[in-house]
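Residue 24 in UniProt numbering is what sits at position 24 of the sequence shown, and the numbering runs on without skipping anything.
To start, the structure under review is shown below, and the notes come after it.
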Amino acid sequence: MKNKVIHIILISSLIVLFSSCKAPNDISSNTMPPENNRISITGEWLISKLNYSYPKDKESDIQKFNGKTAVFSRDFVIIGEEYYYNPQYSLKVVNADEYFIYQYKILPGDLKIENKKVQVITVKVEKQYLFEVIKLNEDRLIVNINGIFVNLNRLSKTTEKEISRYVGKNQNKEDVKKVIKGKSSVLVLGVAYKAKDRNKQIYKTFLFSSKNGEIGEILVSNDLIFPRKNGFWRVDINDENLNIYPLNNKLQGIKLKEWPINRIVFLGNDFISFELKDNDRFIYRNYPIDAVNVQNSVKISDLYKEYGRRIFYEKALKFSDGEVYRAIDESNFTLSRKSGHWILKGRVNNSNREVSDFNLQLIPSNKMVFYDDLCMNWAYIKSKIPEAKDAFTSPNGDIAVVFTPKEIQMYNIEGKKLSDKPKKILKINGQNDIIMAEWALGEYYVENWREVFLNNSARKVK
């Protein structure tokens, strides 16, 4: 236990050191264009356990992959028993220390990695993040799937033509066809409610899922839990105390006492936005989750350079009372929902204590929002459901979740149209704000995320 605490302190110290040297969420890297025409990991690989101390609650997940094969090609990805069609690949070369400390809160040595720099290949399907592949050499990879590290050793360096015959040779063709065409999606939504008996917010997390066209049960947790690349995390707010930590390791969390938090307004994989009370003002502030502290707030120019700063100032000036230098603060922005999408919203605090919020004509950065598409236009949704105030459609194009003032409605999607009637309807309190939305694809993620919820006191509500 003593060694574990020392290890955590060392990692925390390195995070602070790296944070002071560069902009938030910036890992030294050389990003290269998508490699679909020359995939450096093409071939068949054997999945095995790493010599690594896994959390006990991950052992069953490891067994699902151990001894199975993985295949990467231009046309599909197979990992264990999961099949993904038309993957997109992108490559970056990163500093190994910074990458593993920032992304996973571990040291490269924990995984017996000696490389100073590593290639990281991001795999997406339908613009949705699946996992990252860490290439150590031509014959060895490490993959992190939902917080689980597994080892991949090359079985064969096959050509694309040979890979195309892999399915026919090693699998039942009809089963593979069914798996590839069968769509499975899971959506996690964080919702903020105004508490009835106090001037505070309460938070709930909803899970919606579909497996091969069958709508699953809706789950709800009274905690604010959210997925990251290294597994699920929780956000706890108790009065002015903030705690953000992995579900399986509270010691690795971030604890801040006596923080003037009024409410959480946005939560993503790597960023969190608050409305803070600053003396007599309410201001927005955004922080990288791995380095939340008062001095580390993100400015609009950190995400959009000088162009974003200029847009912010031009819009803010229209709402300023004339005390320009005091009123305009490019850190004073957040994300909110409008017509089925995330939008950027700025704020000006004038000298008379008036607050003015305004929309920014900037597309949300993919550092804050990974997926923000509707597979049908908002006008169509409103024509079918006039009372709709927000909507989410899966990257797979198989399910839609629609919010009205009094209900959450869940639909199948058929030919980019909503099913005639909602498959599920859940009554809700209309005084709510959606602060987080995260999707995942494939049966593994559907089952894994449901299991995480059920193991953390979630209940079935529909």
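By construction, the Cβ of each residue, glycine as well, lies at the ideal position given by its N, Cα and C atoms.
Please classify residue i as buried or exposed, where buried requires at least 16 other C-beta atoms within 10 Å of its C-beta.
i	result
Q119	buried
K173	The pLDDT assigned to K173 is 43, lower than 50, so where the model puts this residue is not dependable; a value taken from the coordinates is nonetheless given after this. K173 comes out exposed.
K255	exposed
Y104	buried
S273	buried
C85	It is worth fixing the name first, because residue 85 is Tyr in this sequence and not Cys. Classification of Y85: exposed, given that the 10 Å Cβ count is below 16.
D239	exposed
R347	buried
R450	buried
P405	exposed
R353	exposed
N212	exposed
G442	buried
L418	buried
S457	exposed
G415	exposed
K112	exposed
N455	exposed
G268	buried
N151	buried
A195	exposed
K345	buried
N349	buried
V16	The pLDDT assigned to V16 is 44, lower than 50, so where the model puts this residue is not dependable, and the model offers no usable value.
L317	exposed
D61	buried
G109	exposed
Q201	buried
Can the beta-carbon of residue i be found closer than 9 angstroms to that of residue j?
i	j	result
K183	S210	yes
residue 487	N222	Since the first residue shown for the chain is 1 and the last is 462, residue 487 is missing from the structure and cannot be characterised.
P395	V94	no
L362	G308	yes
E407	I428	yes
K135	G43	no
N66	I79	no
V401	L189	yes
K229	N137	no
K424	I261	no
I41	L141	yes
F64	Y444	Here residue 64 turns out to be Lys, not Phe, going by the sequence shown. Contact flag set, yes.
L263	A192	A small fix is needed here, since residue 263 is Arg in this sequence, not Leu. Taking 9 angstroms as the Cβ cut-off, R263 and A192 qualify as a contacting pair.
I328	L360	no
P227	E82	no
F266	T205	no
M436	L303	no
D390	N412	no
V446	S185	yes
E132	I121	yes
S297	Y313	no
G231	G147	yes
F392	L187	yes
S356	E330	no
I343	S336	yes
F271	K367	yes
Provide the residue(s) that pair with residue i in DSSP beta bridges, ordered along the chain.
i	result
S184	K211
L256	L242
V123	Y89, F131
K417	E414
L276	I261, I283
I145	I148
Q409	V402, I425
Q201	K194
E44	V71, S156
K338	H341
L374	None, per the DSSP bridge assignment.
S356	V348
V118	V94
G231	R228
V77	F72, Y84
S221	T205
S390	Inspection of the sequence shows that residue 390 is occupied by Asp rather than by Ser. Bridge partners of D390: F403.
P364	Paired residues: none, contrary to the question.
S237	First, the amino acid is wrong: residue 237 is Ile here, not Ser. Answer is L242, bridged to I237.
N137	R140
From the beta carbon of residue i, is the nearest beta carbon of chain C less than 9 angstroms away?
i	result
V125	Considering every chain present, this structure includes no chain C. It has just one protein chain.
Pairs of beta-carbons, one from the region 95-104 and one from the region 62-80, closer than 8 angstroms: are there three or more?
Flag = no, the region 95-104 and the region 62-80 do not touch.
Any beta strand (DSSP E) of 3 or more consecutive residues that is wholly inside the region 430-462:
Segments of the beta strand (DSSP E) lying fully in the region 430-462: 432-441.
Check whether the region 276-287 touches the region 372-385, counting contact only when three or more Cβ pairs, one atom from each stretch, lie closer than 8 angstroms.
Touching, no.
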